[in-house]
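Asks:
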Amino acid sequence: MWHHSDIKSLPDIVRHYARITPDKTALIEGRHRISFHELDQSSNRLAQAAKREGATPDSVVSYIGKNSIPFFEILFGASKAGCTVLPLNWRLTATELIPIVDDAKPVLIFADKEYIPLIQTVLNGVCHPFKLIELDSTAEGDSGLAKWCEGASSEDLGLPEDPRSIALLMYTSGTTGRAKGVEMSHQGINYMRLCESLEPAMQWQSEDVLLMVMPNFHLLGTSLPIQSLYNGSTVSILSQLEPGKLLNLIQTDRPSVLVLAPTVIQMILDHPEAKKTDFSSIRLTMYAGSPINAELLKRALLEMKCNFMQFYGATESLGAITILRPEQHDLVNEKKLKSCGTVLPLMEIKIVDSSGNELLDGEIGEFLVRSPTIFSGYRNQPEATYAVLKDGWYHTGDAGYRDTDGLLYIVDRVKDMIVSGGENVYSAEVEQAIQKHPSVAMSAVIGAPDAKWGERVVAVIVLKSGMQATAEEINLHCRSLIAGYKIPKEIRFADSLPVSPAGKILKRLLRQSS
């Protein structure tokens, strides 16, 4: 049943292919290529060096930087030392990062030089200090990582021993505004690979090249490259999303698999270089974050001439829960394109009302998921873990329904999450930042449809009596507290907000007026 019976943990992927196909290219970044054997050796040395610096099994080792080969050396190397790897979101401010770092308590943080000032500020503000290692990913093939590992043995430490230990830690903002550390075990990640390998639509070919575009601090950014490497395929790395560079990389590295948000598909097709780009190497484009509209899909099929597959998942599920397979993309029935498909093998979904009663087809309720891939828990937050993990089911917070053909549809986000340009923005987090402005009495943040970004962040604000503020002042205030992509793209001032008898702001009424 298992695709590779000897792979039981994240670093076993590299160990396996270093034995089977040692000379095959594992990673490409510009002109720099690294084979599975070289990745195995460099990650062994990093594990030994991390141990030398005081990292022990279950310690947290963190990385902040854009996509690069060193990210993967740290990912597999820290895992070989039995450590948990935490990719930090480089788009966050120091104010946002300090509580995350204090919660995770990393012993080492590898930081690209671009983010050294940011991490120095974090280091000055945390209660639990860490060792900071500076890297330079712009120095192709010489980031400084090899020098830091100098003198370390290339002998494999053979860790982790327990597949239930935590491999990855990723923080997601909750509706309360407090970041939650999602703990992902080696065992859970391995089961995710099993679910994928049992799915006919997700079969990989040995000659495949996956283009890594999405950021490493998102599960979407990290999980799909891991899936590619698990199948012995090559990963071509783009440091960050730039449509022009993405199109150029399609020409030079000839990827066969892309992973993009629908907004990114729109961006690359709108780019002037798209007409000159040869897309013939691409056999599959996977997309997530939102459904694709029929007009964009028709255009993409015509210009890119490849299969498209949507998937729906969560950080807590360690990857895809459902997929809308290529053959399920029905251009005749555009309504079907709004579906998130059906579940992967070994996964179950049930749709329930607020009392937990299972609903019939067509009735809207919350998606509950049962799967061997589900996360281990929220770090240091047992109450938050218990709130979403009950009787073996993960409560997604997403509301939707199943149609008579068995296809699933998401119609609302119970957690008031806004997806803008593929980034998750939680309204409560933005509201908390706005509320700190001295002139603000009340605020409500919603998502409004946007042709470019899918959704834009909209804030409706009630000012205190006798106080004044402009939209520019509010945005400037927010800029020091939250990441740029979370700052409202539209601010409306109102005399009052619609509220229920219980005092809850009725956001659905605000959305209706958008």
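For the sequence shown, numbering that gives the first Met the number 0 begins at 0 and goes up steadily by one.
Positions of the beta carbon are idealized from the N, C-alpha and C atoms, including for glycine.
Values in this document were obtained by computation on a predicted structure and should not be read as measured data.
By the DSSP assignment, the beta strand (DSSP E) with Gln309 in it spans what residues?
Replies: It spans Asn306 to Ala313 - the beta strand (DSSP E) in which Gln309 sits, taken as one unbroken run.
Asks: Determine whether the beta carbon atoms of Leu295 and Gln265 lie at a separation below 7 angstroms.
Replies: Closer than 7 angstroms, so yes.
Asks: Short check: CB of Val234 to CB of Leu26, under 7 angstroms?
Replies: Contact: yes.
Asks: Am I right that Trp452 and Thr262 are in contact with their C-beta atoms under 8 angstroms? What's the rounded C-beta distance?
Replies: Confirmed, Cβ separation roughly 6 angstroms.
Asks: Less than 7 angstroms between the beta carbons of Tyr400 and Ile363, yes or no?
Replies: Yes, these two residues count as a Cβ contact at 7 angstroms.
Asks: Mapping the DSSP letters down to three states, classify Ile460 as helix, strand or coil.
Replies: Strand, per DSSP.
Asks: CB Ser280 to CB Ser255, shorter than 7 angstroms?
Replies: Yes.
Asks: Considering only residues of the region 469-495, which uninterrupted beta strand (DSSP E) runs meet the minimum length of 3 residues and lie entirely inside it, listed in chain order?
Replies: Qualifying beta strand (DSSP E) stretches, in chain order: 489-492.
Asks: Who are the near neighbours of Thr94 in its chain, counting only those whose CB is closer than 6 angstroms to its CB and skipping five residues on each side?
Replies: Here the set comprises Leu480.
Asks: Once DSSP output is grouped into helix, strand and coil, what is the label at Trp392?
Replies: Looking at Trp392 - three-state DSSP - the assignment turns out to be strand.
Asks: May I have the straight-line CA-CA distance separating His36 from Leu45, to the nearest angstrom?
Replies: Distance between the alpha carbons of His36 and Leu45: 14 angstroms.
Asks: With distances taken Cα to Cα, identify the nearest neighbour of Phe109 among Val60, Ser78 and His185.
Replies: It is Val60.
Asks: At a cut of 8 angstroms, does the region 311-323 reach the region 370-377 through at least three beta carbon pairs?
Replies: The region 311-323 vs the region 370-377: in contact.
Asks: Can you tell me which of Glu28, Ser34 and Ser8 puts its alpha carbon nearest to the alpha carbon of Pro18?
Replies: Reading off the sequence shown, one finds Arg at residue 18, where the question assumed Pro. Looking at the Cα atoms, Ser34 is the closest of the given residues.
Asks: So what does Gly364 bridge to, in DSSP terms?
Replies: Looking at the DSSP assignment, Gly364 forms a beta bridge with Gly399.
Asks: Touch check for the region 351-362 and the region 320-333: three-plus C-beta pairs under 8 angstroms?
Replies: With a cut-off of 8 angstroms, the region 320-333 and the region 351-362 do not count as touching, because too few Cβ pairs lie within range.
Asks: Tell me where the alpha helix (DSSP H) around Thr94 begins and ends.
Replies: Looking at the DSSP string, the run of the alpha helix (DSSP H) that includes Thr94 is Ala93 to Ala103.
Asks: Counting along the chain, where does the beta strand (DSSP E) carrying Met285 start and finish?
Replies: Leu283 to Tyr286 is the extent of the beta strand (DSSP E) around Met285.
Asks: Can you grab the Cα-Cα spacing for the pair Gly446 / Ile460, in whole Å?
Replies: Taking the straight line from one Cα to the other gives about 14 angstroms.
Asks: What does the Cβ neighbour count give for Ala386, buried or exposed, with the cut at 16 atoms within 10 Å?
Replies: Looking at its Cβ environment, which holds fewer than 16 other Cβ atoms inside 10 Å, Ala386 is exposed.
Asks: Can you grab the Cα-Cα spacing for the pair Leu367 / Ala48, in whole Å?
Replies: Looking at the two C-alpha atoms, the distance is approximately 43 angstroms.
Asks: Give the straight-line distance between the Cα atoms of Glu347 and Ile409, rounded to the nearest whole angstrom.
Replies: For Glu347 and Ile409, the distance between alpha carbons rounds to 16 angstroms.
Asks: On the CB-based measure, 16 or more other CB atoms within 10 Å of its CB, does His127 come out buried or exposed?
Replies: Answer is exposed; the Cβ neighbour count stays below 16.
Asks: Spatial neighbours of Leu248 within its chain, please: CB distance less than 8 angstroms, with the 5 preceding and 5 following residues excluded, ordered by chain position.
Replies: Closer than 8 angstroms at Cβ, skipping near neighbours: Leu210, Ser235, Leu237 and Pro254.
Asks: Can you give, in chain order, each stretch of the beta strand (DSSP E) that sits fully within the region 149-226 and has at least 3 residues?
Replies: Taking only runs of at least 3 residues, the beta strand (DSSP E) segments lying wholly in the region 149-226 are 165-172, 178-184 and 208-211.
Asks: Got a sec: is the Cβ-Cβ distance from Val256 to anything in chain C below 7 angstroms?
Replies: No chain C is present in this structure, which holds just one protein chain.
Asks: DSSP three-state call for Gly76: helix, strand or coil?
Replies: Residue state, collapsed to three classes: helix.
Asks: Just the Cα atoms here: how many angstroms apart are Ser227 and Gly465?
Replies: Those two C-alpha atoms are separated by around 59 angstroms.
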